[in-house]
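Engineer: One structure coming up, written as structure tokens, with questions to follow.
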Amino acid sequence: MPNATVLIPRRLRMSLRLLLPKNKSALLDSWPREPRVYHRGVTELDRAVPLSLMDEYVSFDLLSPQYVAAVKDGQAVHPGRFSRDGKMIPGKLQGLAGQGYTLNLREIQRTIPYLAGVSRDIQSETGCANYAAAIITPPGKQGLRHHWDQWTGVITQLAGRKRWPLWRPVVEYPMGAYMSSPEVWTPELTERFATTPPDVEFELSPGDTLVVPRGWVHNPYSVSDDRSYHLTFALHERTRLWVAEKLIGLAIKDAHFRAEVPPSAFARETEAEIRKVRSLVICFLRQADTATAAELIRKAAETENA
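Numbering (full-length UniProt numbering), first residue to last: 1 to 306.
Right under this line is the structure:
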């Protein structure tokens, strides 16, 4: 007889309540501008996805290579070190962990149903597409070095201890398509942050949750005698640009917007065509039914991935 599947009731997931039990409004009322640590204690999250569960996914090679990274002191190994033809090579990832590499298991909610439910609930509650990453760092080691993210990170420490030095943003409101860390990072920035004390610093223990606003530079490393394990929930904020894109996207029902643009508009009459389209956009927005648009955009926020 097959083993029975134990399902965790949907009502227990409660999205942000698992990460910030008494401080959920800290993310719902407005986006944070300063990093902050909250002590959540032990929640259903800690019991549902312990380090032992992640160890099983690693040891049995149950991961998708495209979402896996092994990093030590800021350097990631080539995926060919642990995968071939889109599959994990048995034992290789576990071996890298034994050599001091931090394992970054991105998009882990695609693999673990419980986290898929948490991720979906967070999006339903906040309107933000998001994903979860499991980060496992050997004792006293470091994975990624100084960088910033183009999303708000909610870091839940589940095992071990990790120190988080943080510096104020270099870029105001970075996005994936605008001033992301990999796009603009320079050796000069590395030198700057290596020689400048952090603006704030936190040490996370199990039961702590750190909220890092997008753009804040961070350089976390393990400070415990055992492995550090945390889940990062990356919340992709909906920007006003996103709302504007969705709003103008509703113009697809207007035949004027579906009409083709003649080749001459790109050869020699581009500015004139832009003026025509600008007039159409202004007219459309003035007449747009904001109540209908709000309902459609709200639905898109709750369902669309990043």
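All residues carry an ideal CB built from backbone N, CA and C; glycine is no exception.
If you measure between the beta carbons of ILE155 and THR102, is that distance less than 9 Å?
Structural biologist: no
Engineer: Between the Cα of ALA306 and the Cα atoms of LYS253, TYR131, ASP149, which residue gives the shortest distance?
Structural biologist: TYR131
Engineer: If we call anything under 9 Å between Cβ atoms a contact, is ARG106 one with TYR57?
Structural biologist: No.
Engineer: Round the Cβ separation of SER124 and GLU302 to the nearest angstrom and send it over; I've been treating them as touching at under 8 Å.
Structural biologist: Taking 8 Å as the upper bound for CB-CB distance, SER124 and GLU302 are in contact here, some 5 Å apart.
Engineer: I think GLY215 touches PRO165, with their Cβ atoms under 8 Å apart; what is that distance to the nearest whole Å?
Structural biologist: With a Cβ gap of about 15 Å, GLY215 and PRO165 do not count as contacting.
Engineer: Give the list of continuous beta strand (DSSP E) stretches no shorter than 3 residues that lie fully inside the UniProt domain "JmjC" (101-254).
Structural biologist: 102-105, 129-137, 152-159, 162-167, 200-204, 208-212, 228-236
Engineer: What are the start and end residues of each continuous alpha helix (DSSP H) run of 4 or more residues lying completely inside the region 258-293, in chain order?
Structural biologist: 264-267, 270-287, all fully within the region 258-293.
Engineer: May I have the straight-line CA-CA distance separating GLY207 from GLU273, to the nearest angstrom?
Structural biologist: 57 Å
Engineer: Quick one: Cα of PRO90 to Cα of ARG192, how far?
Structural biologist: 41 Å
Engineer: For the beta strand (DSSP E) containing ALA69, list its first residue and its last residue.
Structural biologist: Here the beta strand (DSSP E) through ALA69 covers 68-72.
Engineer: Out of curiosity, what's the CA-to-CA distance linking LYS72 and ASP61?
Structural biologist: Take the alpha-carbon of LYS72 and the one of ASP61: they are about 20 Å apart.
Engineer: Can you tell me the Cα-Cα spacing of GLU260 and VAL277, whole angstroms?
Structural biologist: 12 Å
Engineer: Considering only the beta carbon of each residue, do ALA288 and LEU241 sit closer than 9 Å?
Structural biologist: no
Engineer: Which residue wins for smallest C-alpha separation from LEU280, given the options ILE252, LEU96, PRO21?
Structural biologist: ILE252
Engineer: Considering Cα atoms alone, identify which of GLY74, TRP151, PHE82, SER52 is closest to LEU63.
Structural biologist: PHE82
Engineer: In terms of alpha-carbon separation, which member of CYS283, PRO197, ASP199, GLU271 lies closest to ASP254?
Structural biologist: CYS283
Engineer: Please go through the same chain and pick out, in chain order, the residues whose beta-carbon is closer than 7 Å to the beta-carbon of SER264, but skip the five residues on each side of it.
Structural biologist: none
Engineer: Alpha carbon to alpha carbon, how far is PRO21 from GLN75? Give it in angstroms, no decimals.
Structural biologist: Distance between the alpha carbons of GLN75 and PRO21: 35 Å.
Engineer: Are there 16 or more other CB atoms within 10 angstroms of the CB of ALA99, so buried, or fewer, so exposed?
Structural biologist: Checking the sequence shown, residue 99 turns out to be Gln, not Ala. Label assigned to GLN99: exposed.
Engineer: Using the beta-carbon count (16 or more within 10 Å), is VAL6 buried or exposed?
Structural biologist: Since pLDDT at VAL6 reaches only 39, below the 50 mark, its modelled position is unreliable, and the value read off the structure follows with that caveat. Exposed is the call here.
Engineer: Would you call ASP149 buried or exposed, if buried means 16 or more other Cβ atoms sit within 10 Å of its Cβ?
Structural biologist: The residue is buried, with at least 16 neighbouring Cβ atoms inside 10 Å.
Engineer: Quick check: GLN157 and LEU210, are their CB atoms within less than 9 Å of each other?
Structural biologist: yes
Engineer: From the DSSP output, in three-state form, read off VAL58 for me.
Structural biologist: helix
Engineer: Compute the minimum distance between the beta carbon of THR232 and the heavy atoms of the ligand COA, and state whether it is under 8 Å.
Structural biologist: What this structure holds is no ligand at all, so the ligand COA is not there to describe.
Engineer: Beta-carbon separation of THR137 and TYR38 under 9 Å?
Structural biologist: no
Engineer: Assign ARG33 to buried or exposed, taking buried as 16 or more other Cβ atoms, counted over all protein chains shown, within 10 Å of its Cβ.
Structural biologist: With fewer than 16 other Cβ atoms within 10 Å, it is exposed.
Engineer: Excluding five sequence neighbours on each side, which residues of the same chain lie with their C-beta closer than 8 Å to the C-beta of THR196?
Structural biologist: Hits under 8 Å: TRP167.
Engineer: Using a Cβ-Cβ cutoff of less than 6 Å, which residues in the same chain neighbour THR111 once the five nearest sequence positions on both sides are dropped?
Structural biologist: none
Engineer: How long is the line joining the alpha carbons of LEU51 and ALA159, rounded to whole angstroms?
Structural biologist: 7 Å
Engineer: Can you check which of these residues, GLU269, PRO198, PHE257, is closest to ASN219 by C-alpha distance?
Structural biologist: That would be PRO198, whose Cα lies nearest to the Cα of ASN219.
Engineer: Count the other CB atoms within 10 Å of the CB of SER25; is the residue buried (16 or more) or exposed (fewer)?
Structural biologist: exposed
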